[in-house]
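Numbering (our numbering), first residue to last: 66 to 302.
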């Protein structure tokens, strides 16, 4: 009788650890994985396994970071899930994924939500490049986020995966007007977040630095992973 009960328990418990879909979280430049902790906390009760990846964003170039961070994220998801693998990225994290997918495929790839991605490059980086010391502060990945012709950003091309983008429209940067034309999240303009091939684009009143901790952003991101659309009608500015 005990053996039958143990077998029944195994049949009930084991599949639950294998069928859940997984989400890879990729933080932005100069941040740590704990910047994505609110997302991690709320994805679990939504039914997802989570791989919240830490990577050295200021010490390696984009090509090295992409292979390392995404490779580790995929490996963790494949250990914990047998379903689709989704991504939620912040800022630079989105560029790493785009770069990775130019030469690699992810068979289990589901949906992607990018938060404040500099998909067209960053005008702020362009303005800061001539300033001594910026290369040290931003690192090779930060320097590569400029808008110049021939840059890594310029070479990525349209996306060919299911992508929803959330852009911020709240500016708290008093010097933003020196670098960015049009509304922005203080670091990345709304227009710069867009990319050819995206499926949906949503603008919310949040800043670049804290958008990934915002409850509305998190709710919209999870809704997109589940449905392929945002909760509200997309609003572009």
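Beta carbons: idealized from backbone N, C-alpha and C, even for Gly.
Taking Cβ to Cβ, would you say residue i is nearer than 8 Å to residue j?
{"i": "residue 266", "j": "residue 230", "result": "yes"}
{"i": "residue 207", "j": "residue 156", "result": "no"}
{"i": "residue 174", "j": "residue 150", "result": "yes"}
{"i": "residue 182", "j": "residue 160", "result": "yes"}
{"i": "residue 153", "j": "residue 88", "result": "yes"}
{"i": "residue 234", "j": "residue 268", "result": "yes"}
{"i": "residue 148", "j": "residue 85", "result": "yes"}
{"i": "residue 216", "j": "residue 186", "result": "yes"}
{"i": "residue 276", "j": "residue 104", "result": "no"}
Does residue i come out as helix, strand or coil in the three-state DSSP assignment?
{"i": "residue 131", "result": "helix"}
{"i": "residue 69", "result": "Reliability of the predicted coordinates at residue 69 is poor, the pLDDT of 44 falling under 50, and no value is obtained from them."}
{"i": "residue 179", "result": "strand"}
{"i": "residue 90", "result": "strand"}
{"i": "residue 172", "result": "coil"}
{"i": "residue 41", "result": "Residue coverage of the chain in this structure runs from 66 to 302, which leaves residue 41 outside it and unanswerable."}
{"i": "residue 160", "result": "helix"}
{"i": "residue 254", "result": "strand"}
{"i": "residue 287", "result": "helix"}
{"i": "residue 201", "result": "The predicted model places residue 201 with a pLDDT of 46, which falls under 50 and marks its position as unreliable, so this point remains unresolved."}
{"i": "residue 154", "result": "strand"}
{"i": "residue 271", "result": "coil"}
{"i": "residue 113", "result": "strand"}
{"i": "residue 233", "result": "strand"}
{"i": "residue 85", "result": "coil"}
{"i": "residue 118", "result": "strand"}
How would you call residue i, buried or exposed, if buried means at least 16 neighbouring beta carbons within 10 angstroms?
{"i": "residue 143", "result": "exposed"}
{"i": "residue 124", "result": "exposed"}
{"i": "residue 247", "result": "exposed"}
{"i": "residue 270", "result": "exposed"}
{"i": "residue 169", "result": "exposed"}
{"i": "residue 97", "result": "exposed"}
{"i": "residue 140", "result": "exposed"}
{"i": "residue 237", "result": "exposed"}
Looking only at C-alpha atoms, which of the options sits nearest to residue i?
{"i": "residue 165", "options": "132, 113, 157, 245", "result": "132"}
{"i": "residue 292", "options": "210, 237, 251, 264", "result": "264"}
{"i": "residue 100", "options": "221, 296, 279, 294", "result": "279"}
{"i": "residue 225", "options": "147, 130, 140, 167", "result": "167"}
{"i": "residue 210", "options": "222, 232, 184", "result": "184"}
{"i": "residue 290", "options": "111, 102, 106", "result": "111"}
{"i": "residue 228", "options": "162, 186, 104, 85", "result": "162"}
{"i": "residue 250", "options": "260, 262, 232, 86", "result": "232"}
{"i": "residue 137", "options": "108, 218, 91", "result": "91"}
{"i": "residue 158", "options": "148, 130, 146, 276", "result": "130"}
Give a yes or no on contact between the region 245–261 and the region 279–288, applying the rule of three or more CB pairs nearer than 8 Å. no
Check whether the region 105–121 and the region 175–185 touch, using three or more Cβ-Cβ pairs below 8 Å as the test. no
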